[in-house]
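One gets our numbering by counting positions in the sequence shown from 1 and adding 22 to each.
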Amino acid sequence: MSFSKQTFNVGGLSTNVYSSQNTADHANPVAVLFILHGRTSSAESIEWVAHSTLRWTQDHRNGDAQNAQDLFVVTIVRSF
Numbered sequence: 023m024s025f026s027k028q029t030f031n032v033g034g035l036s037t038n039v040y041s042s043q044n045t046a047d048h049a050n051p052v053a054v055l056f057i058l059h060g061r062t063s064s065a066e067s068i069e070w071v072a073h074s075t076l077r078w079t080q081d082h083r084n085g086d087a088q089n090a091q092d093l094f095v096v097t098i099v100r101s102f
């Protein structure tokens with residue numbers, strides 16, 4: 023399973039947005055999970071959490087995946 027990673031500037035904060043490559047129609051509602059790293063950590067150090075969350079969600083979807091919401095995982099990039 024492959025995931026997409028896109029970087030966006032949201033209100034002056036650089037964010038990484040992870041999602042499955044096969045997201046559904048853009049008109050459907052989505053679920054968003056924000057994962058925050060510790061003060062001395064970085065978005066890259068918790069990237070594995072985003073990937074495993076997306077993988078787990080994909081593996082545990084019901085048979086009715088067509089009605090399931092797409093999941094987007096967001097991390098905030100530390101900038102010094």
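Glycine included, each C-beta is placed from N, C-alpha and C at the ideal position.
The C-beta of A49 has fewer than 16 other C-beta atoms within 10 Å across all chains shown, which makes the residue exposed. With a contact defined as Cβ atoms closer than 8 Å, F94 and V32 miss out at about 12 Å.
Counting along the chain, the unbroken beta strand (DSSP E) around Q28 starts and ends at F25 to V32. Across the set W78, F56 and T79, the C-alpha of F56 shows the shortest separation from the C-alpha of I68. A check of alpha carbon separations from A53 across S42, G60, R61 and T62 identifies S42 as the nearest. Under the three-state reduction of DSSP output, V96 falls in the strand class.
Following the DSSP letters along the chain, one finds A53 inside the beta strand (DSSP E) bounded by residues V52 to I57.
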